[in-house]
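Okay, structure first, notes after.
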């Protein structure tokens, strides 16, 4: 009963929030919320990409927010994060259900900024892949 009540509350909160402020303001707000979450759930310094992925997944498990895989795109000189299992908020967001994707971007940006040798002028962007075998993969890129 509590899960249903909270889910309904979040869906209506999301619907009302989007109606009042629009998607751009929503994304900026949720990205800031994600940054605040990351500040409260910091990661230790990691010396390898494998260690960073493990630490991120341990923190995501605490939040029940899915899993991430990391890889370096050497051609584009960016870090690519592929996230699966982000909680859905009904059909809210673009694509439907992924209302929290921008919060995820804020979360990852702080975690990456906290790491040794992070780039001071790096930016994070995101998109969503919908493939039949793995739907709703949030793909984030981090770099200059």
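In my numbering, the protein residues as written are 6 to 149.
All C-beta atoms in this analysis are idealised placements derived from N, C-alpha and C, irrespective of residue type, glycine included.
Predicted model only: the values in this text are computed from it and were never measured.
Which residues share a DSSP beta bridge with residue 78? Numbered from 1 along the chain shown, position 73 holds the residue referred to as residue 78. Note: residue 78 sits in a beta bridge opposite 83.
Proximity to residue 143 [Cα-Cα], best of 51, 122, 108, 15: Position 138 of the chain shown holds residue 143. Per the Cα distances, 108.
Based on the DSSP output, what are the partners of residue 131 in its beta bridges? Here residue 131 corresponds to residue number 126 of the chain shown, with the count starting at 1. Answer is 145, bridged to residue 131.
With a Cβ-Cβ cutoff of 8 angstroms, do residue 103 and residue 93 count as a contact? As a working mapping, residue 103 is identified with position 98 in the chain shown. As a working mapping, residue 93 is identified with position 88 in the chain shown. Going by C-beta atoms, residue 103 is nearer than 8 angstroms to residue 93.
Any idea if residue 141 is buried or exposed, counting beta-carbon neighbours within 10 angstroms, 16 or more meaning buried? Taking the first residue of the chain shown as position 1, residue 141 is located at position 136. That one is buried.
Is it buried or exposed for residue 84, if we count other Cβ within 10 angstroms and need 16 for buried? Residue 84 sits at position 79 when you count from the first residue of the chain shown. Residue 84 should be labelled buried.
From this set, 139, 12, 120, 70, which residue's C-alpha is nearest residue 54's C-alpha? The residue given as residue 54 occupies position 49 in the chain shown. Proximity to residue 54 across 139, 12, 120, 70 peaks at 120, based on C-alpha coordinates.
Spatial neighbours of residue 33 in its chain, beta-carbon cut-off 8 angstroms, leaving aside the 5 residues before and after: Indexing the chain shown from 1 puts residue 33 at position 28. Contacts found: 107.
Please state whether the Cβ-Cβ distance between residue 73 and residue 139 is less than 8 angstroms. Taking the chain shown and counting its residues from 1, one reaches residue 73 at position 68. Taking the chain shown and counting its residues from 1, one reaches residue 139 at position 134. Cβ atoms of residue 73 and residue 139: not closer than 8 angstroms.
Comparing alpha-carbon positions, which option in 147, 111, 130 lies nearest residue 124? As a working note, residue 124 is residue 119 in the chain shown. The shortest CA-to-CA distance from residue 124 to any of 147, 111, 130 is the one to 147.
I'd like to confirm the pairing. Which residues does DSSP put opposite residue 72 in its beta bridges? Along the chain shown, read from residue 1 onward, the residue named residue 72 stands at position 67. 89, per the DSSP bridge assignment.
Going by other Cβ atoms of all chains shown within 10 Å of its Cβ, with 16 needed for buried, is residue 31 buried or exposed? Here residue 31 refers to the residue found at position 26 of the chain shown. It counts as buried.
In this structure, does DSSP put residue 26 in helix, strand or coil? If you number the chain shown from 1, residue 26 lands on position 21. Note: residue 26 maps to helix in three-state DSSP.
Is the beta carbon of residue 58 less than 8 angstroms from the beta carbon of residue 75? The residue labelled residue 58 in the question sits at position 53 within the chain shown. The residue labelled residue 75 in the question sits at position 70 within the chain shown. It is a contact, given that the beta carbons lie within the stated cut-off.
Taking residue 133 as the reference, which of 110, 48, 118 has the closest Cα? As a working mapping, residue 133 is identified with position 128 in the chain shown. Taking only the C-alpha atoms, the option nearest residue 133 is 110.
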